[in-house]
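If you're matching them up, the sequences are chains F and G in order. Going letter by letter, the first sequence gives residues 1 to 202 in the UniProt record's numbering. Going letter by letter, the second sequence gives residues 1 to 202 in the UniProt record's numbering. This report concerns only the one structure given below.
Protein chains: 2
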Amino acid sequence: MGKVSCDITISLDGYSAGHHQTEERPFGDDGGDGSGAALHAWMFDAPEENRAEIARLNTAGAFVMGRNMFGPVRGAWDRPWNGWWGDDPPFHAPVFVLTHHPRAPRPMAGGTTFHFVTEGVTAALARARAAADEGDVTILGGATTVNQYLTAGLVDELRLHIAAFTLGSGTRLFDGVPPLNLRQLTSRPTSLVTHLTYRVLP
Amino acid sequence: MGKVSCDITISLDGYSAGHHQTEERPFGDDGGDGSGAALHAWMFDAPEENRAEIARLNTAGAFVMGRNMFGPVRGAWDRPWNGWWGDDPPFHAPVFVLTHHPRAPRPMAGGTTFHFVTEGVTAALARARAAADEGDVTILGGATTVNQYLTAGLVDELRLHIAAFTLGSGTRLFDGVPPLNLRQLTSRPTSLVTHLTYRVLP
Ligand SMILES: NC(=O)c1ccc[n+]([C@@H]2O[C@H](COP(=O)([O-])OP(=O)(O)OC[C@H]3O[C@@H](n4cnc5c(N)ncnc54)[C@H](OP(=O)(O)O)[C@@H]3O)[C@@H](O)[C@H]2O)c1
Ligand SMILES: NC(=O)c1ccc[n+]([C@@H]2O[C@H](COP(=O)([O-])OP(=O)(O)OC[C@H]3O[C@@H](n4cnc5c(N)ncnc54)[C@H](OP(=O)(O)O)[C@@H]3O)[C@@H](O)[C@H]2O)c1
Numbered sequence: 001m002g003k004v005s006c007d008i009t010i011s012l013d014g015y016s017a018g019h020h021q022t023e024e025r026p027f028g029d030d031g032g033d034g035s036g037a038a039l040h041a042w043m044f045d046a047p048e049e050n051r052a053e054i055a056r057l058n059t060a061g062a063f064v065m066g067r068n069m070f071g072p073v074r075g076a077w078d079r080p081w082n083g084w085w086g087d088d089p090p091f092h093a094p095v096f097v098l099t100h101h102p103r104a105p106r107p108m109a110g111g112t113t114f115h116f117v118t119e120g121v122t123a124a125l126a127r128a129r130a131a132a133d134e135g136d137v138t139i140l141g142g143a144t145t146v147n148q149y150l151t152a153g154l155v156d157e158l159r160l161h162i163a164a165f166t167l168g169s170g171t172r173l174f175d176g177v178p179p180l181n182l183r184q185l186t187s188r189p190t191s192l193v194t195h196l197t198y199r200v201l202p
Numbered sequence: 001m002g003k004v005s006c007d008i009t010i011s012l013d014g015y016s017a018g019h020h021q022t023e024e025r026p027f028g029d030d031g032g033d034g035s036g037a038a039l040h041a042w043m044f045d046a047p048e049e050n051r052a053e054i055a056r057l058n059t060a061g062a063f064v065m066g067r068n069m070f071g072p073v074r075g076a077w078d079r080p081w082n083g084w085w086g087d088d089p090p091f092h093a094p095v096f097v098l099t100h101h102p103r104a105p106r107p108m109a110g111g112t113t114f115h116f117v118t119e120g121v122t123a124a125l126a127r128a129r130a131a132a133d134e135g136d137v138t139i140l141g142g143a144t145t146v147n148q149y150l151t152a153g154l155v156d157e158l159r160l161h162i163a164a165f166t167l168g169s170g171t172r173l174f175d176g177v178p179p180l181n182l183r184q185l186t187s188r189p190t191s192l193v194t195h196l197t198y199r200v201l202p
């Protein structure tokens, strides 16, 4: 069976997004314009240096994400929204979106299909594992979603990108998660960020 | 003038100690026996690999620490306590201990003298700077102390050692600290820990 990884960028104080997300400010109060620019500077300002980690982020047999990562629509799906990523999202694989609001699957160009799962984290992972066949599953965020998977003991590997600022408030990775025993696998600094991977030990 | 650094070990979720510190359990509910073994495994289980960071931790013209790092005595100094470090502490320089309870300075062997400062973080740093002459000042913790210095904008450099576990609760670095703009200076992984240094930008 493939492994289950979480892959998420955090500020040095552990936040993966600010509060008050909107369509215009997908990362909310992120210390800048709400675009997540400081968090993701490593991807957009230094893509060459961080090529391996960018490639790995979008390479899995299937993905899981929370509904707020998918977009700013809340409550019923009462207006068209197919993610932040345009017609050909970078996933090229099935993406399982956790939500309390049922919606039909939405195929996109390039092999990405968004599936909406209302049965919770275990069910979403089971569907992602089945879709990935023997491949890996990557849980992309946000922190609300990752924290549930960590708490449920369903994560094999944690891939973190630690950006060089603190945010002071927002949605925090590990918030409410019981203690985890980890093994540091790799730690790779580039000019803007440190990439860390950990195995989650039993 | 020398620079002001904070040097502290944290779990991956940012805790530098557990709750419920006692004399028998100086690190409180730290996930183990209260000795801080998991946080400080890098110092005690792999000293050779981490020699540079251990040496740097104890090299400054003067040090500042909080009263809880100094020891478990609370309230009035109603029983003898001269720190956790025996007769010849590893500082070999003046150490300024923040407390609300006045106490006479306590000289130790090897050049360490503990001074007790009741006038707050700015006064303690001013005294440490004067004592260090042109040398550097290191703020050693705990998080309550470091967070006050970060909030006051008095820190030039942050030296963190990120241990491979999460604690889930305790005293958290950055808790309540307003957003900081940082520059990652160095990032060095060893087998048990990643050492990160940041400049605090204005
Ligand atoms: N830094 C990074 O690398 C990174 C990565 C991803 C996202 N982000 C940012 O993080 C923010 C989103 O993260 P977030 O933590 O706020 O939210 P999230 O995890 O993306 O989504 C949370 C939402 O997903 C649904 N959901 C989650 N668990 C569920 C469950 N067990 N059952 C049913 N529905 C469930 C709920 O939506 P409903 O109840 O409304 O259906 C919930 O409100 C955004 O600002 C995004 O841009 C950052
Ligand atoms: N992981 C690490 O690298 C590391 C480093 C250092 C310490 N630690 C651990 O962290 C724990 C202690 O940290 P902590 O955050 O609880 O406390 P701390 O910062 O060591 O000490 C806090 C205490 O210092 C005094 N104090 C702090 N600021 C003051 C101010 N502005 N004015 C006057 N007094 C002030 C107060 O004591 P009074 O009011 O009682 O006088 C306060 O309760 C211990 O478990 C220690 O072993 C870990």
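For glycine and all other residues, C-beta sits at the position ideal for the given N, C-alpha and C.
Any non-hydrogen atom of ligand 2 closer than 7 Å to residue i Cβ
i                     : result
residue 16 (chain G)  : yes
residue 100 (chain G) : yes
residue 158 (chain G) : no
residue 135 (chain G) : no
residue 58 (chain G)  : no
residue 39 (chain G)  : yes
residue 21 (chain F)  : no
residue 140 (chain G) : yes
residue 127 (chain G) : no
residue 74 (chain G)  : yes
residue 69 (chain G)  : yes
Anticipated Cβ contact below 8 Å, residue i with residue j, distance rounded
i                     : j                     : result
residue 182 (chain G) : residue 140 (chain F) : That pair is no contact at about 25 Å.
residue 5 (chain F)   : residue 159 (chain F) : 6 Å
residue 161 (chain F) : residue 53 (chain F)  : 7 Å
residue 184 (chain G) : residue 192 (chain F) : 7 Å
residue 89 (chain F)  : residue 108 (chain F) : 6 Å
residue 186 (chain F) : residue 42 (chain F)  : With 8 Å as the limit, residue 186 (chain F) and residue 42 (chain F) do not qualify as a contact, their Cβ atoms being about 16 Å apart.
residue 75 (chain F)  : residue 101 (chain F) : 7 Å
residue 199 (chain G) : residue 156 (chain G) : 7 Å
residue 163 (chain F) : residue 9 (chain F)   : 6 Å
Residue i CB to nearest heavy atom of ligand 1 below 7 Å
i                     : result
residue 8 (chain F)   : yes
residue 114 (chain F) : no
residue 31 (chain F)  : no
residue 120 (chain F) : yes
residue 82 (chain F)  : no
residue 143 (chain F) : yes
residue 184 (chain F) : no
residue 43 (chain F)  : no
residue 171 (chain F) : yes
residue 27 (chain F)  : yes
residue 150 (chain G) : no
residue 213 (chain F) : Nothing about residue 213 (chain F) can be read from this structure; chain F reaches only from 1 to 202.
residue 66 (chain F)  : yes
residue 34 (chain G)  : no
Three-state class that DSSP yields for residue i in the structure shown
i                     : result
residue 157 (chain G) : strand
residue 148 (chain F) : helix
residue 165 (chain G) : strand
residue 65 (chain G)  : strand
residue 74 (chain G)  : coil
residue 111 (chain G) : helix
residue 129 (chain F) : helix
residue 57 (chain F)  : helix
residue 51 (chain F)  : helix
residue 138 (chain F) : strand
Sub-8 Å separation of residue i and residue j beta-carbons
i                     : j                     : result
residue 99 (chain F)  : residue 114 (chain F) : no
residue 18 (chain G)  : residue 33 (chain G)  : no
residue 171 (chain F) : residue 144 (chain F) : yes
residue 178 (chain F) : residue 168 (chain G) : yes
residue 154 (chain F) : residue 125 (chain F) : yes
residue 60 (chain G)  : residue 132 (chain G) : yes
residue 71 (chain G)  : residue 86 (chain G)  : no
residue 2 (chain F)   : residue 134 (chain F) : yes
residue 112 (chain G) : residue 93 (chain G)  : yes
residue 58 (chain F)  : residue 142 (chain F) : no
residue 91 (chain G)  : residue 127 (chain G) : no
residue 16 (chain F)  : residue 180 (chain F) : no
residue 147 (chain G) : residue 176 (chain G) : yes
residue 20 (chain G)  : residue 28 (chain G)  : yes
residue 194 (chain F) : residue 194 (chain G) : yes
Entirely enclosed beta strand (DSSP E) segments - the segment 9 to 47 of chain G, minimum 3 residues:
15 to 17
Scan the segment 168 to 200 of chain F and note each continuous beta strand (DSSP E) run of 3 residues or more that stays entirely inside, going in chain order.
180 to 189, 193 to 200
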